[in-house]
Structure formats: structure tokens, C-alpha cells
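Taking it in order: structure first as C-alpha cells, then the write-up.
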Amino acid sequence: LRAGLFKNLLDVQCFDRAAVESIARDDRHIEISASRYASPEAKSNVARHLDVVILGATEIDLDFNVNVHTDSNGVIMGGSGGHSDTAAESLMSMIIAPLFRARLPLVVDRVTCISTPGTDVDVLLTQYGIAVNPRRADLTERFQDAGLPVFEIAELKARAEGICGVPRSIKRKDRTVGIVRSRDGEILDLIYELAD
40 LRAGLFKNLL DVQCFDRAAV ESIARDDRHI EISASRYASP EAKSNVARHL
90 DVVILGATEI DLDFNVNVHT DSNGVIMGGS GGHSDTAAES LMSMIIAPLF
140 RARLPLVVDR VTCISTPGTD VDVLLTQYGI AVNPRRADLT ERFQDAGLPV
190 FEIAELKARA EGICGVPRSI KRKDRTVGIV RSRDGEILDL IYELAD
């Protein structure tokens, strides 16, 4: 904002001192409510006006479902923030993450926990290439025409497993410790207590 790269900054949460000082002093740094940011009930929200959103993931599966609630071992890391809101509302949602972390592949058969459904995820970008959700053939064509390295998501999974091996499955108990709900309140997934 101060460097002149943006005209305005819409902010739902300030996480550090510099952000707090900026919002207090700069009229272009605008505080907005979470409802104005991404409420599906609002006639208009900020997320609905996003062309592209860049998001992270701890896991993504072959159906492009994304996990951000737990790590690859099933341990709860926190809430998803606006992950599913912005993925659903933007014109293109991109997951950008390393293909593996600490020898654990990013791409799995099925995520430990669905935080954002694959129907709302368009692109996975890793250091080894790009996978495009099959429902976005328009993007596949544009990326290929631009000379970008586009692969099937299963090919990226195989590449990661070739480097890291296939991870062991997580042992869990039957007790539910968390419920993941979609933006409209529907249950997306359950988080289970981990076995000892």
C-alpha cells in the first residue's frame, strides 16, 4: 500500500503491529467485517469480486479436495479462515504448495479432512508442475498454449511418491473431535481423535 502497488487494502484481521498502525493511520487501509468479506448470505461480498485467489494446503487429493484443518498426520492445526469462501467465489482458485514436505507427499488419494471441496478448486501449482481440475479444460488449454508444465494430478502424486515413498496411513479412533462445515452449514467432513 505504502509502496503504491495497491490503491486500497481491505482488511478483516490485523495480525501484527505494522498492520494495526497502517489501519489506524491510512484511510486507504479499510477495515471490513467478515460478513462483508465473504458471507454467502450477503447480496455482495468482497470474495465475489476476486479474479484469482492463491491458497495453500497441507493435502490435496485426486478429486482436488483440499485439507487445511489438519497436518498430514491428522493433527488439528486450526481453522480454515476464508479458504473455502474465496475458493468458491473467485473466478480462479489456485492452490500453491510444495509437492512434498518433510518427505510427506502433498497429493494423496483422499485428504485426511475436506476443508475445501474439489468442486471449488481449479489449479494446483507445485515446483514440479501444474495440475488443472478437469472441469476447467479452458485453463488447461491456456496454460499449455503458454508453454507451462501441465500434468494430471495423478502424475504429480506419482512423482512425489517416487521421491518420498508412499506415506503410512493415519491410525485414528472412532471419536469425533471436530466437525467441518461448508459455508452454507452443510457437514463437509469430520475430524477424528488420533490413535496413540
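So the sequence shown is numbered by my numbering: it starts at 40 and just counts up by one.
Don't be surprised by glycine CBs; every beta carbon is placed ideally from N, CA and C.
Keep in mind that this is a model prediction, so the values were computed, not measured.
Check: Based on Cα-Cα distance, which residue from R56, R207, A170 lies nearest to N104?; Outcome: A170
Check: Is the beta carbon of P144 less than 8 Å from the beta carbon of K196?; Outcome: yes
Check: Tell me the residue span of the beta strand (DSSP E) that contains R56.; Outcome: Careful: R56 lies outside any beta strand (DSSP E), inside the alpha helix (DSSP H) at 56-64.
Check: Which residues does DSSP list as the beta-bridge partners of T155?; Outcome: V105
Check: Taking the Cβ atom as the reference point for each residue, do V162 and L130 lie within a distance shorter than 8 Å?; Outcome: no
Check: If distances are taken between C-alpha atoms only, which option among N106, L89, A57, L187 comes closest to G95?; Outcome: N106
Check: Pull up the distance between the alpha-carbon of L187 and that of R214, whole angstroms please.; Outcome: 45 Å
Check: So, at 7 Å on beta carbons, what are the nonlocal neighbours of D223 in its own chain, with the 5 sequence-adjacent residues on each side left out?; Outcome: P79
Check: Going by alpha carbons, who is nearest to N47 out of D235, V85, A73, G217?; Outcome: V85
Check: H68 and S61 - do their beta-carbons sit closer together than 8 Å?; Outcome: yes
Check: In three-state DSSP terms, what is D177?; Outcome: helix
Check: In the DSSP output, what is V162 paired with across the bridge?; Outcome: M133, V171
Check: For A63, count neighbouring Cβ atoms within 10 angstroms of its own Cβ and tell me buried if that reaches 16, exposed if not.; Outcome: exposed
Check: So, helix, strand or coil for I69, using DSSP?; Outcome: strand
Check: Is DSSP giving R207 helix, strand or coil here?; Outcome: coil
Check: Quick one: residues in its chain with C-beta nearer than 7 Å to the C-beta of A234, no 5 flanking neighbours on either side, listed in chain order?; Outcome: K210, R211, K212
Check: Going by other Cβ atoms of all chains shown within 10 Å of its Cβ, with 16 needed for buried, is G43 buried or exposed?; Outcome: exposed
Check: Note the first and the last residue of the continuous beta strand (DSSP E) segment covering E128.; Outcome: Counting along the chain, E128 falls outside any beta strand (DSSP E), though it belongs to the alpha helix (DSSP H) covering 122-128.
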